[in-house]
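Data block below; observations after.
Numbering (this note's numbering), first residue to last: 351 to 458.
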């Protein structure tokens, strides 16, 4: 599947979506991550980068791997911020999944 180093998985109530992110997607993901991390470092905000950690709830039938995610202030099981780089449209709507997993803020 292209030249991507990994597959990204989204699961929502019985539907599974598997994607292979493009190099363009990875460039934007890294740049946004650096922006967030540099801002936190410059302003003294304590943050914990969790990368694309799998977030899931078996009882809610939801799971997602954000492009980048962060805990702010202290480390937690669910991040405070998730970042999704959107290059193409279609597929499973991810905002509803993040809301169901109690992620406080999502950037698209």
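Where is the CB? At the ideal position from N, CA and C, for every residue including glycine.
Just so it is clear, the structure is predicted and the values come from calculations on it, not from any experiment.
Query raised in the report: At which residues does the beta strand (DSSP E) containing residue 431 begin and terminate?
Result: 431-433
Query raised in the report: Candidates 447, 455, 375, 442: which alpha carbon is nearest residue 366's?
Result: 442
Query raised in the report: Which residues does DSSP pair with residue 436 in a beta bridge?
Result: Paired residues: none, contrary to the question.
Query raised in the report: DSSP beta-bridge partners for residue 412?
Result: 362, 407
Query raised in the report: Assuming residue 378 and residue 435 make a contact with CB atoms under 8 Å, what is their CB distance in whole Å?
Result: 5 Å
**Report entry** One or two residues paired with residue 397 in a DSSP bridge
**Finding:** 422
**Report entry** Enclosing beta strand (DSSP E) for residue 456 [first to last residue]
**Finding:** 455-457
**Report entry** Helix, strand or coil at residue 367 [DSSP, three-state]
**Finding:** strand
Query raised in the report: How is residue 441 classed by DSSP in three states: helix, strand or coil?
Result: Reduced to three states, the DSSP call for residue 441 is coil.
Query raised in the report: What did DSSP end up calling residue 373 once you bin it into helix, strand or coil?
Result: helix
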